[in-house]
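*Asks:* First, the structure itself, so that you have it in front of you.
Protein chains in written order, with the working numbering: chain A, 1 to 245; chain B, 1001 to 1452.
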């Protein structure tokens, strides 16, 4: 296990941070990619101080594909790279309905940005059998709900993207894991919940790590959301449209 | 504004109005609560953006929320949670100086550095307290005679001032601000980073001894001697017995020791005992009797524990906690009076005592030479009245009530207990002329009612 190298895309996010710590604890080397490089430098210092881990900061912006080439180049130099995709935006649905032009930005980041960087990294990954890719999806992508459907749509698209990507890379010996995350204690959910009875970021990061090590295809985290979403998906549409879930 | 927030990959925090959320927060004993706007910045730059608070509200920082009082509450105002400022930025293994963000918990520091032979020099009794919170309350532990208060080990700190600028304070650099911030209950600004000097630990184990002592005066005398001779010393006082035996107790001392040959038995973990607020007095009496008798065996109880377990072991938070320092001369008589008052108020307290040395770091630090007494009281209907009577008694004995756990102190009592209050107010008037920082505690104690 020691000696893995993880590229974390969106390393300033709560989950990105927690996952970086989880990986560093196992002796992994970290490449932290995100927009706020000053903050990532602090995070890299944290990994060095706590775990004596090697950490490097890379500038990355999902919505500016021009920078993705440099990322692919850097990853090409790593012998056995692993990737975590942990960036997303989730504005309130009400805010999107007031300003519809923002919906494009949500899909642009969560789906188009992810597609852009994943496709850019495809040729690199094909050369690296044994690599792991973990993509953070969402239970919101399993079925659109009035409360969160633009974000849900971007994640549903991402799920399809990951599914195809998994098949594409399967022959190359690269595993692609989709983690469908339920609500957990991150910056996204902070303003929407009262912090009680919500899964910790560390627990979700831990399940991401274990799923990657076991090369799982799709997991739900926290696990109970598998059954909750199975029930939600089973509700017939005529009834579902009347519910306020 | 919104577009910027949207393009931020982890938007949702402290970049605009939308990141503030209305939340009800509770004090540690769940006795006090307040509803306010809350945000949780995850990097220092976003703390700067959170000042000033929206809608012209007042603001206070809140760390681990371990205070029993209302120091981390701001009813109708705004609160910045520092829990996500949790990065450790550097550690110098030669000097033991750790630079970390303010939301790092002390338990986190302990677990990270104990395997490397370092630990916080001062341990405030809970691992959930944050670095920033320990500085803002100038916390202390059961080794105050040797190590002093928490602030003595802080080399420098960086805080976001009420004007929204990042400012660095140390003993040499802005010494007045530094002294005001130690124990300043968060009223000088929001601490975002600090350098803490850790203490080297010789062993990851401690040898703990419990020894029963039959009377209060003897117990306090033994405690005073033990505090000088041992690394950690504290005493549990049995308040439930009546008559001559009242005030007897168990003295606990602990020193670094070699690892035990056998696996340590961890069920000794009844210190300082969970407090069940609604337990009838009979059961408290029986519990006290059992604890006393076990420690009264010849030689007392001796066992070895991992240091981590010894430090992290904490009782369940009680409803109301009164922490006070009483001068050494009158401590015996004062303690008896406090127990009497509490009993007449039909609130049997659970009591522990620790020695306090001379060190006083900050302007509002609790520390003064004497005995620090912690009374854990059950929630009762007559509580405010009872607390005021206790306060008067402490005031008469020239004692001092700790702000960190306090929820009942009156403003005039507070002014009489803290002689450096005027100096503190002068610093506040200088750094926060618009009174942007407030907490329920500051309002109750009229901390901000100064004349410039």
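Yeah, the Cβ is synthetic: ideal placement off N, Cα and C, and Gly gets one too. Values in this document were obtained by computation on a predicted structure and should not be read as measured data.
Alpha carbon to alpha carbon, what distance is there between residue 1139 (chain B) and residue 1401 (chain B)?
*Replies:* As a first step, residue 1401 (chain B) must be located in the second chain, where it is residue number 401. As a first step, residue 1139 (chain B) must be located in the second chain, where it is residue number 139. Cα to Cα, the separation comes out at about 13 Å.
*Asks:* Whole-angstrom Cβ separation of residue 1119 (chain B) and residue 1198 (chain B), contact assumed at under 8 Å?
*Replies:* Stepping through the second chain from its first residue, residue 1119 (chain B) is reached at position 119. Stepping through the second chain from its first residue, residue 1198 (chain B) is reached at position 198. About 6 Å; that satisfies the 8 Å criterion.
*Asks:* Output, in sequence order along the chain, the residues in the segment 1060-1086 of chain B whose CB is closer than 7 Å to any CB in chain A.
*Replies:* Result list empty, no residue passes.
*Asks:* How about residue 42 (chain A): is its C-beta nearer than 8 Å to some C-beta of chain B?
*Replies:* The residue given as residue 42 (chain A) occupies position 42 in the first chain. Closer than 8 Å: yes.
*Asks:* Is any beta-carbon of chain A found at less than 8 Å from that of residue 1057 (chain B)?
*Replies:* Stepping through the second chain from its first residue, residue 1057 (chain B) is reached at position 57. It does not: the Cβ of residue 1057 (chain B) has no partner Cβ on chain A nearer than 8 Å.
*Asks:* Does the beta carbon of residue 39 (chain A) sit closer than 8 Å to a beta carbon anywhere in chain B?
*Replies:* The residue labelled residue 39 (chain A) in the question sits at position 39 within the first chain. Interface residue, yes.
*Asks:* List, in chain order, every chain B residue whose beta-carbon is nearer than 8 Å to that of residue 50 (chain A).
*Replies:* Here residue 50 (chain A) corresponds to residue number 50 of the first chain, with the count starting at 1. By Cβ distance, chain B contributes 1088 and 1112.
*Asks:* Consider the Cβ of residue 1040 (chain B): report whether some Cβ of chain A lies at a distance smaller than 8 Å.
*Replies:* In the second chain, the residue the question calls residue 1040 (chain B) occupies position 40. Judged by the 8 Å Cβ criterion, residue 1040 (chain B) is in contact with chain A.
*Asks:* Indicate whether the contact test is met: 3 or more Cβ pairs, each with one atom in the segment 1024-1043 of chain B and one in the segment 1090-1098 of chain B, closer than 8 Å.
*Replies:* Segments in contact, no.
*Asks:* Any idea which residues DSSP pairs residue 220 (chain A) with across the strands?
*Replies:* Taking the first chain and counting its residues from 1, one reaches residue 220 (chain A) at position 220. DSSP lists A:180 as partners of residue 220 (chain A).
*Asks:* Classify residue 1026 (chain B): buried if its beta carbon has 16 or more other beta carbons within 10 angstroms, exposed otherwise.
*Replies:* Counting from one through the second chain, the residue named residue 1026 (chain B) turns up at place 26. By the 10 Å Cβ count, residue 1026 (chain B) comes out exposed.
*Asks:* Considering Cα atoms alone, identify which of B:1242, B:1190, B:1321 and B:1326 is closest to residue 1285 (chain B).
*Replies:* As a working note, residue 1285 (chain B) is residue 285 in the second chain. Looking at the Cα atoms, B:1242 is the closest of the given residues.
*Asks:* Flag this pair as yes or no: are the beta carbons of residue 1058 (chain B) and residue 1436 (chain B) separated by less than 8 Å?
*Replies:* Translated into the one-based positions of the second chain, residue 1058 (chain B) becomes position 58. Translated into the one-based positions of the second chain, residue 1436 (chain B) becomes position 436. Yes, these two residues count as a Cβ contact at 8 Å.
*Asks:* If you measure between the beta carbons of residue 1386 (chain B) and residue 1342 (chain B), is that distance less than 8 Å?
*Replies:* Here residue 1386 (chain B) refers to the residue found at position 386 when the second chain is read from its first residue. Here residue 1342 (chain B) refers to the residue found at position 342 when the second chain is read from its first residue. Yes. Within cutoff.
*Asks:* Starting from residue 45 (chain A), find everything on chain B with Cβ-Cβ shorter than 8 Å and list it in chain order.
*Replies:* Taking the first chain and counting its residues from 1, one reaches residue 45 (chain A) at position 45. The contacting residues are 1087, 1088, 1089 and 1090.
*Asks:* Would you list, in sequence order, the uninterrupted alpha helix (DSSP H) runs of no fewer than 4 residues that lie entirely inside the segment 25-102 of chain A?
*Replies:* List check, alpha helix (DSSP H) in window: 37-51, 68-76 and 93-98.
*Asks:* Run the CB neighbour count on residue 1013 (chain B), radius 10 Å, all protein chains shown included, and call it buried at 16 or more, exposed below.
*Replies:* Position 13 of the second chain, counted from the start, is the residue given in the question as residue 1013 (chain B). Note on residue 1013 (chain B): pLDDT 33, under 50, position unreliable in the model; no value is reported.
*Asks:* Does the beta-carbon distance from residue 1067 (chain B) to residue 1028 (chain B) come in below 8 Å?
*Replies:* On the second chain, residue 1067 (chain B) is found 67 positions in, with the first residue counted as 1. On the second chain, residue 1028 (chain B) is found 28 positions in, with the first residue counted as 1. Closer than 8 Å, so yes.
*Asks:* Would you identify the three-state DSSP class for residue 1358 (chain B), choosing helix, strand or coil?
*Replies:* The count along the second chain starts at 1 and reaches residue 1358 (chain B) at position 358. Residue 1358 (chain B) falls in the coil class under three-state DSSP.
*Asks:* Could you confirm whether any beta carbon from chain A is found closer than 8 Å to the beta carbon of residue 1444 (chain B)?
*Replies:* As a first step, residue 1444 (chain B) is located in the second chain; it is residue number 444 there, counting from the start. It does not: the Cβ of residue 1444 (chain B) has no partner Cβ on chain A nearer than 8 Å.
*Asks:* Go through its chain and collect everything with a Cβ distance to residue 1457 (chain B)'s Cβ below 8 Å, but skip five positions before and after it.
*Replies:* Lying before the first or after the last residue shown, residue 1457 (chain B) is absent from chain B, which here runs from 1001 to 1452.
*Asks:* Mark residue 237 (chain A) as exposed unless 16 or more other C-beta atoms lie within 10 angstroms of its C-beta, in which case mark it buried.
*Replies:* Along the first chain, one-based indexing puts residue 237 (chain A) at 237. Under this definition residue 237 (chain A) is an exposed residue.
*Asks:* Would you be able to state if there are at least three C-beta pairs under 8 Å between the segment 1208-1218 of chain B and the segment 1249-1256 of chain B?
*Replies:* They touch, by the three-pair rule.
*Asks:* Between residue 1130 (chain B) and residue 1102 (chain B), how many whole angstroms is the CB-CB distance? I'm expecting something under 8 Å.
*Replies:* For the purposes of this step, residue 1130 (chain B) is taken as the residue at position 130 of the second chain. For the purposes of this step, residue 1102 (chain B) is taken as the residue at position 102 of the second chain. Confirmed, about 6 Å.
*Asks:* Does the distance from the CB of residue 264 (chain A) to the CB of residue 117 (chain A) come in under 8 Å?
*Replies:* The structure shown does not extend to residue 264 (chain A), since chain A is modelled only from 1 through 245, so no value can be given for it.
*Asks:* With a threshold of 7 Å on Cβ separation, who are the neighbours of residue 1351 (chain B) within its own chain once the five nearest residues in sequence on each side are excluded?
*Replies:* Within the second chain, residue 1351 (chain B) is the residue found at index 351, counting from 1. These residues qualify, in order along the chain: 1237, 1239, 1373, 1374 and 1375.
*Asks:* Quick check on residue 1239 (chain B): does DSSP put it in helix, strand or coil?
*Replies:* By one-based count along the second chain, residue 1239 (chain B) stands at place 239. Residue state, collapsed to three classes: coil.
*Asks:* Please work out which residues of its chain come closer than 6 Å, Cβ to Cβ, to residue 139 (chain A), disregarding the five sequence neighbours upstream and downstream, and give them in chain order.
*Replies:* On the first chain, residue 139 (chain A) is found 139 positions in, with the first residue counted as 1. Counting only Cβ-Cβ distances below 6 Å, and skipping sequence neighbours, we find 180, 182, 225 and 229.
*Asks:* Between the Cα of residue 10 (chain A) and those of A:30, A:19 and A:34, spot the shortest distance and give me the residue it belongs to.
*Replies:* Residue mapping note: residue 10 (chain A) aligns to position 10 of the first chain, counting from 1. Checked all of A:30, A:19 and A:34; the closest Cα to residue 10 (chain A) is A:34.
*Asks:* DSSP on residue 1033 (chain B), reduced to helix/strand/coil?
*Replies:* By one-based count along the second chain, residue 1033 (chain B) stands at place 33. Residue 1033 (chain B) falls in the strand class under three-state DSSP.
*Asks:* Any idea what DSSP makes of residue 111 (chain A), helix, strand or coil?
*Replies:* Numbered from 1 along the first chain, position 111 holds the residue referred to as residue 111 (chain A). Three-state DSSP puts residue 111 (chain A) in a helix.
*Asks:* Inspect the CB distances between the segment 1191-1205 of chain B and the segment 1151-1159 of chain B and report whether three or more fall short of 8 Å.
*Replies:* Output reads yes: the segment 1151-1159 of chain B touches the segment 1191-1205 of chain B.
*Asks:* For residue 90 (chain A) and residue 151 (chain A), which I take to be in contact (beta-carbon distance under 8 Å), what is that distance rounded to the nearest angstrom?
*Replies:* Here residue 90 (chain A) refers to the residue found at position 90 when the first chain is read from its first residue. Here residue 151 (chain A) refers to the residue found at position 151 when the first chain is read from its first residue. Between residue 151 (chain A) and residue 90 (chain A) the Cβ distance is about 5 Å, and since that is below 8 Å, they are a contact.
*Asks:* Where do the N-terminal and C-terminal ends of the alpha helix (DSSP H) with residue 209 (chain A) fall, by residue?
*Replies:* Translated into the one-based positions of the first chain, residue 209 (chain A) becomes position 209. Residue 209 (chain A) -> alpha helix (DSSP H) spans 201-213.
*Asks:* Which first and last residues belong to the beta strand (DSSP E) in which residue 1211 (chain B) is found?
*Replies:* The sequence position of residue 1211 (chain B) within the second chain is 211, counting from 1. Residues 1205-1213.
*Asks:* For residue 1117 (chain B) versus residue 1200 (chain B), is the C-beta spacing smaller than 8 Å?
*Replies:* Numbered from 1 along the second chain, position 117 holds the residue referred to as residue 1117 (chain B). Numbered from 1 along the second chain, position 200 holds the residue referred to as residue 1200 (chain B). Yes; because the gap between Cβ atoms is below 8 Å, this pair is in contact.
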